[in-house]
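Novice: Numbering-wise, the sequence shown is residues 24 to 120 according to the working numbering.
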Amino acid sequence: IKEVFGARAYSIPINSVKGVTGNPLSAGGPFQVAACALSLRDQLIAPTANYETADPTCDLDFVPSKARRAKIDCALINVRGLGGSASTMLVSRVPCS
């Protein structure tokens, strides 16, 4: 994240749905897309479930115990699967006119 976004990385909220869903195998990606769509619709970043102790070596903006209101126009989803598969998707709001 720091390598891609540089100094801006520290102002990007980060969360994960895996603490809620566990490892749903092939449903992990669709769960993340659904959670992302709800965040975009509701302008609310869901907390990372079971995030209790921050790693002192990771100084990014994690969203722990409670949801956070934010202006969200786009979101980046990173999915890592068993066997080493990985994908990234950028999701954005459709402007209302």
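By construction, the Cβ of each residue, glycine as well, lies at the ideal position given by its N, Cα and C atoms.
Predicted model, so just to flag it, every value in this text is computed and none were measured.
With 16 as the cutoff for other CB atoms within 10 Å, does SER115 come out buried or exposed?
Specialist: By the 10 Å Cβ count, SER115 comes out exposed.
Novice: Hey, how far is the Cα of SER39 from the Cα of THR71?
Specialist: Computed Cα separation, rounded: 5 Å.
Novice: Give the range of the alpha helix (DSSP H) segment to which VAL102 is assigned.
Specialist: Note, VAL102: premise wrong, no alpha helix (DSSP H); beta strand (DSSP E) at 97-103.
Novice: Comparing alpha-carbon positions, which option in VAL56, ALA90, LYS25, GLY106 lies nearest CYS97?
Specialist: Comparing Cα positions, the closest option is VAL56.
Novice: At 4 residues or longer, and completely inside the segment 42-85: list those alpha helix (DSSP H) runs for me, N to C.
Specialist: You should have 51-65.
Novice: So the candidates are ASP82, LEU105, GLY51; which of them puts its Cα closest to the Cα of ALA30?
Specialist: The candidate whose alpha carbon is nearest that of ALA30 is ASP82.
Novice: Straight-line CA distance for CYS119 to LEU99?
Specialist: In a straight line, the C-alpha of CYS119 is about 21 Å away from that of LEU99.
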